[in-house]
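Structure first, commentary second.
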Amino acid sequence: MLNIQLSERLHKVASFVREGAIVADIGSDHAYLPVYLVQQGKVEKAIAGEVVVGPFESAVKNVKRHGLTSSITVRLASGLAAIEESDGVDTVTIAGMGGSLIASILEEGKHSLGKVRRIITQPNIHAQAIREWATINGWMLSNEHILKEDGKIYEILVLERGQVVYDERALLLGPILMKEKSPIFLEKWTNECAQLKDVLRSIEEAIETAEIIKKKEQLMRRIRIVGEVLKL
Ligand code: SAM
571 MLNIQLSERL
581 HKVASFVREG
591 AIVADIGSDH
601 AYLPVYLVQQ
611 GKVEKAIAGE
621 VVVGPFESAV
631 KNVKRHGLTS
641 SITVRLASGL
651 AAIEESDGVD
661 TVTIAGMGGS
671 LIASILEEGK
681 HSLGKVRRII
691 TQPNIHAQAI
701 REWATINGWM
711 LSNEHILKED
721 GKIYEILVLE
731 RGQVVYDERA
741 LLLGPILMKE
751 KSPIFLEKWT
761 NECAQLKDVL
771 RSIEEAIETA
781 EIIKKKEQLM
791 RRIRIVGEVL
801 KL
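This is the structure in structure tokens:
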């Protein structure tokens with residue numbers, strides 16, 4: 571059977587999985603990530619969790635097609651309910667969803683994270699929600715990465731156990747990404763800053779309700795933070 575080819579985005583997620591890890595890939599869709607990890611010999615055992623029947627069936631088919639049913643267990647379950655204690659999962663991957671959904675999956679299933687030492691997330695938007703969840707729940711960012719593929723910018727956040735207090739800037743921009751200031755990071759936040767300014771302009775004329783005042787303050791604060799980091 572042919573070796574699976576991953577997108578650059580999922581390939582980078584896979585690169586953060588340690589050799590010999592026991593992985594649960596949540597929201598696995600076609601189970602591409604677990605199939606790749608087992609094919610590469612990086613992991614021997616993985617769980618693919620999927621909440622929607624269609625993608626769950628695709629995952630089951632794909633795992634069978636690659637002859638990996640003895641290494642990869644596919645479970646129809648919401649979030650971390652796909653993990654069973656006896657699996658011994660030490661690494662969770664959650665990729666290709668919004669940051670708020672990823673944070674809510676982690677929050678709802680945090681009782682299943684007992685043996686987990688590393689959580690690798692790839693939020694499509696709103697990475698801040700994951701950083702906030704991490705800070706509140708005794709996890710820290712051990713690595714962050716930003717990449718662009720097919721015109722879209724993606725962030726990858728790696729969490730490990732540890733207590734670090736991040737300030738507002740670090741929560742918004744990423745403690746590691748904002749230090750590195752890669753060209754893709756600068757592109758992302760230059761665009762986001764322009765969008766924030768557009769939104770601010772669009773509500774400038776609105777009647778000043780308490781809600782509008784709060785929204786304006788929040789936008790101005792974010793624009794200031796991004797401006798300071800980017801030195802705009
Ligand atoms: N992880 C793959 C990737 O990054 O390419 C697939 C991403 S796909 C866009 C998101 C998948 O997450 C969908 O198949 C969706 O059904 C699944 N999903 C959404 N919420 C979920 C949940 N609470 N538990 C498990 N899977 C979920």
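Under the working numbering, think of the first position of the sequence shown as 571, with each following residue one higher. Using N, Cα and C, we set each Cβ at its ideal position, and we do this for glycine too. Owing to the predicted nature of the structure, the values given are computational and were not obtained by experimental measurement.
Residues sharing a beta bridge with residue i, DSSP
i, result
"Gly797", "Answer is none; Gly797 lacks a bridge partner."
"Asp660", "Answer is none; Asp660 lacks a bridge partner."
"Tyr736", "Answer is none; Tyr736 lacks a bridge partner."
"Gln765", "Its beta-bridge partners do not exist; DSSP assigns none."
"Met790", "Note: Met790 sits in no beta bridge, so no partner."
"Gln709", "Before going further, note that residue 709 is Trp rather than Gln in the sequence given. BP columns for Trp709 point to Arg731."
Residue i: CB within 7 Å of a non-hydrogen atom of the ligand SAM
i, result
"Gln575", "no"
"Glu620", "yes"
"Asp720", "no"
"Ala665", "yes"
"Pro693", "no"
"Leu580", "yes"
"Ser640", "no"
"Gly611", "no"
"Gly649", "yes"
"Ser682", "no"
"Ile657", "What sits at residue 657 in the sequence shown is Asp, not Ile. Not under cutoff, so the answer is no."
"Gly669", "no"
"Ile726", "no"
"Pro745", "no"
"Ile773", "no"
"Pro604", "no"
"Ile596", "yes"
"Ile675", "yes"
"Pro753", "no"
"Asp768", "no"
Nonlocal neighbours in the same chain, by C-beta distance under 6 Å from residue i, ignoring five residues either side
i, result
"Gly797", "none"
"Thr705", "Tyr736"
"Leu729", "Ile689, Ala704, Trp709"
Run of the beta strand (DSSP E) containing residue i, from where it starts to where it stops
i, result
"Val605", "Where Val605 is concerned, there is no enclosing beta strand (DSSP E), although the alpha helix (DSSP H) it sits in stretches over 602-609."
"Lys722", "722-731"
"Thr705", "No beta strand (DSSP E) holds Thr705; the alpha helix (DSSP H) holding it covers 698-706."
"Glu620", "615-620"
"Ile574", "No beta strand (DSSP E) contains Ile574, which DSSP labels as neither H nor E."
8 Å Cβ cutoff, residue i in contact with chain B
i, result
"Gly597", "In the displayed structure, chain B is absent; only one protein chain is listed."
Continuous alpha helix (DSSP H) stretch holding residue i: start and end
i, result
"Gly624", "623-635"
"Gly554", "This structure does not reach residue 554, given that the chain is present from 571 up to 802, and the question cannot be answered."
"Val583", "578-585"
"Leu747", "747-750"
Chain-order list of residues whose beta-carbon lies under 8 Å from that of residue i (same chain, five-residue window excluded)
i, result
"Arg731", "Arg687, Gly708, Trp709, Met710"
Cβ neighbours of residue i in the same chain (closer than 7 Å, five flanking residues each side left out)
i, result
"Met748", "Arg739, Ala740, Val799"
"Glu719", "Ser577, Glu578, Arg579"
"Asn573", "Gln609"
"Ile664", "Ile596, Gly597, Ile672, Ile675, Thr691"
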